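Enquirer: I'd like to ask some things about the structure below.
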Amino acid sequence: MATQRNRTLIILKPDAVKRNIIGTVLAEIESAGLELARLKTVDADRELIKVHYREKQDEDFYDALVDWMTDLVIVGIIEGENAAERMKQLVGDTEPASAAPGTIRGKYSDDSYSRADAEDRPLHNVIHASEPGEAEEEIALWFGE
Ligand code: AMP
Numbered sequence: 002m003a004t005q006r007n008r009t010l011i012i013l014k015p016d017a018v019k020r021n022i023i024g025t026v027l028a029e030i031e032s033a034g035l036e037l038a039r040l041k042t043v044d045a046d047r048e049l050i051k052v053h054y055r056e057k058q059d060e061d062f063y064d065a066l067v068d069w070m071t072d073l074v075i076v077g078i079i080e081g082e083n084a085a086e087r088m089k090q091l092v093g094d095t096e097p098a099s100a101a102p103g104t105i106r107g108k109y110s111d112d113s114y115s116r117a118d119a120e121d122r123p124l125h126n127v128i129h130a131s132e133p134g135e136a137e138e139e140i141a142l143w144f145g146e
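Residue numbering for the sequence shown follows the working numbering, starting at 2 and increasing by one per position.
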């Protein structure tokens with residue numbers, strides 16, 4: 002099927018920031034041929050995080066998720082052929098411990114739902130990438146464009 006040039010939003014989450022793996026994760030994205038069009042540090046406030054995760058507001062982990070993400074994060078816009086779809090593949094499944102080995106979550110975290118539950122915290126999974134249909138809305142939220 003023909004590819005289409007598009008863009009998507011990434012957020013390097015507080016676990017990635019605290020573990021000093023920002024450069025490593027960005028290198029994975031660049032190695033895949035995707036372009037880093039914008040990048041900035043954001044000291045995210047609760048209101049922004051609540052809007053970003055509004056679809057999860059009925060989940061048990063919602064408050065803990067908002068607390069955790071209200072912190073320093075790195076936010077970027079990734080561009081390229083099928084960039085939104087390829088970023089989702091590169092990021093991998095939500096739970097790092099069961100994400101495919103070649104994916105960012107599979108390579109750079111082994112966090113699991115069971116460990117997160119045992120430690121009474123949300124899952125730490127390194128990076129967020131927009132669902133392709135939500136990318137432009139999330140870019141507008143974080144970059145105001
Ligand atoms: P994402 O939309 O990829 O940014 O991921 C949503 C976030 O919700 C994840 O990073 C986790 O922190 C959290 N999360 C999703 N499912 C669970 C769960 N079952 N238990 C705890 N935290 C979760």
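Backbone N, C-alpha and C fix where the C-beta goes; we use that ideal spot for every residue, glycine too. Keep in mind the model is a prediction, meaning the values are calculated, not measured.
DSSP on E31, reduced to helix/strand/coil?
Expert: By one-based count along the sequence shown, residue 31 stands at place 30. Helix.
Enquirer: Going by C-alpha distance, which of E132, E137, L142 and I128 is nearest T25?
Expert: As a working note, residue 25 is residue 24 in the sequence shown. For T25, the nearest C-alpha among the options comes from I128.
Enquirer: Per DSSP, D152 is paired with what?
Expert: Within the shown structure, residues of the chain are numbered from 2 to 146, placing residue 152 beyond reach of any answer.
Enquirer: State the DSSP-derived secondary structure class of I11, mapped to helix, strand or coil.
Expert: Your numbering for residue 11 matches position 10 in the sequence shown. DSSP places I11 in strand when its eight states are reduced to three.
Enquirer: Hey, is A98 close to the ligand AMP, as in C-beta under 8 Å from one of its heavy atoms?
Expert: As a position in the sequence shown, residue 98 is number 97, starting the count at 1. Result no, Cβ not under 8 Å from the ligand AMP.
Enquirer: Between which two residues does the alpha helix (DSSP H) harbouring I128 extend?
Expert: Indexing the sequence shown from 1 puts residue 128 at position 127. Where I128 is concerned, there is no enclosing alpha helix (DSSP H), although the beta strand (DSSP E) it sits in stretches over I128 to A130.
Enquirer: Would you identify the three-state DSSP class for E139, choosing helix, strand or coil?
Expert: Mapped onto the sequence shown, residue 139 falls at position 138. In the three-state DSSP reduction, E139 falls in the helix class (H, G or I).
Enquirer: Expressed to the nearest angstrom, what Euclidean distance is found between the alpha-carbon atoms of I50 and A65?
Expert: Against the sequence shown, residue 50 aligns to sequence position 49. Against the sequence shown, residue 65 aligns to sequence position 64. Whole-angstrom Cα-Cα distance: 11 Å.
Enquirer: So, for N7: in the same chain, excluding its five sequence neighbours on each side, which residues have a beta-carbon less than 6 Å away from its beta-carbon?
Expert: By 1-based counting over the sequence shown, the position of residue 7 is 6. Excluding positions up to five away in sequence, the list reads A84 and A85.
Enquirer: Can you give the Cα-Cα distance for P123 and L40, rounded to whole angstroms?
Expert: Looking up residue 123 in the sequence shown gives position 122. Looking up residue 40 in the sequence shown gives position 39. Straight-line Cα distance between these residues: approximately 25 Å.
Enquirer: Indicate whether at least one CB of chain D lies closer than 9 Å to the CB of T9.
Expert: No chain D appears in this structure, which consists of one protein chain only.
Enquirer: Can you tell me the Cα-Cα spacing of E120 and L35, whole angstroms?
Expert: Counting from one through the sequence shown, the residue named residue 120 turns up at place 119. Counting from one through the sequence shown, the residue named residue 35 turns up at place 34. When rounded, the distance between both Cα atoms is 35 Å.
Enquirer: With a cut-off of 8 Å, do at least 3 Cβ pairs link the region 56-74 to the region 10-30?
Expert: Yes: the two stretches touch, three or more of their Cβ pairs being nearer than 8 Å.
Enquirer: Taking the continuous alpha helix (DSSP H) assigned at R106, which residues delimit it?
Expert: Here residue 106 refers to the residue found at position 105 when the sequence shown is read from its first residue. Where R106 is concerned, the enclosing alpha helix (DSSP H) stretches over I105 to Y109.
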